[in-house]
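Per my numbering, the sequence shown starts with residue 14, numbered consecutively.
Only one structure is covered here, and it is reproduced in the block below.
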Amino acid sequence: MTLEPTEKNSPLGVLDRASLAHLLEGSPPLVEGMPSPDDQLQPNGIDLTLRSAAWLATIGQVGVSQTERVLSSAVDQEFDADGWVHLAAGPYLVTFNEVVHLPNTLTALAWPRSSLLRCGVAIHNAVWDAGYHGRSQCLMSVLNPHGFRVSRDARILQLVFFTLASGVARGYEGIYQGENL
């Protein structure tokens, strides 16, 4: 999957809606499993939606070597019969519905949707490296002392895609490649 420069988009920079729409038609698509593609495709990115939220329940650790990594265990939070979950103040590992397939010519960064910020909720994430594919996870911090209610499939984060000056010879090969598939 490659993106050819056109008059509408420069070879470097943030991908626009038309470029993203084109890549969504690729094989594999840039992003698949979107509950509402028309609503999720934005002028400068693609909104990702909530599949699940899990409370971080234990200590984690990261050391110098990969063998010293211990991920925190997480307890899934249950949606009610209407598809909503109340999250108390604290840290949650959120999993998205969408599966991302980044070619070796793109990277992605993400930001929370502004409505979350206005509710006292932040999303923390890392870089989506060129060559990554999987169903990603992020840290959602509910900072509002009253908590936060969110529905299944709610749009909570916008993923913004950037072209690289040149494609990488070796894409992402870390332990999260193919995660949650």
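Don't be surprised by glycine CBs; every beta carbon is placed ideally from N, CA and C.
For a quick check, are the C-beta atoms of residue i and residue j less than 9 angstroms apart?
| i | j | result |
| --- | --- | --- |
| L106 | A167 | no |
| G58 | V27 | yes |
| V173 | W97 | no |
| Y185 | G144 | yes |
| T118 | L177 | yes |
| V163 | G133 | no |
| E81 | G147 | no |
| E38 | H114 | no |
| A101 | G160 | yes |
| G180 | P116 | yes |
Should residue i be labelled buried (16 or more other beta-carbon atoms within 10 Å of its own) or exposed?
| i | result |
| --- | --- |
| I72 | exposed |
| L61 | buried |
| S128 | exposed |
For the beta strand (DSSP E) containing residue i, name the first residue and the last one.
| i | result |
| --- | --- |
| Q150 | Q150 to V155 |
| R168 | R168 to T176 |
| P50 | From DSSP, P50 is part of no beta strand (DSSP E) but of the alpha helix (DSSP H) over P50 to Q53. |
| R64 | I59 to L69 |
| L36 | It is not in any beta strand (DSSP E) - L36 instead sits in the alpha helix (DSSP H) that spans R30 to L37. |
What first and last residue would you give for the alpha helix (DSSP H) that runs through residue i?
| i | result |
| --- | --- |
| S127 | S127 to R131 |
Take residue i as the anchor and find which of the options has the nearest alpha-carbon.
| i | options | result |
| --- | --- | --- |
| L69 | E81, G39, L25 and C151 | C151 |
| S149 | P50, L130, V112 and P48 | V112 |
| L54 | N157, G180 and L36 | L36 |
| A135 | A94, W141 and Q171 | Q171 |
Do you know offhand how far residue i's Cα is from residue j's?
| i | j | result |
| --- | --- | --- |
| L33 | F109 | 19 angstroms |
| M153 | Q79 | 24 angstroms |
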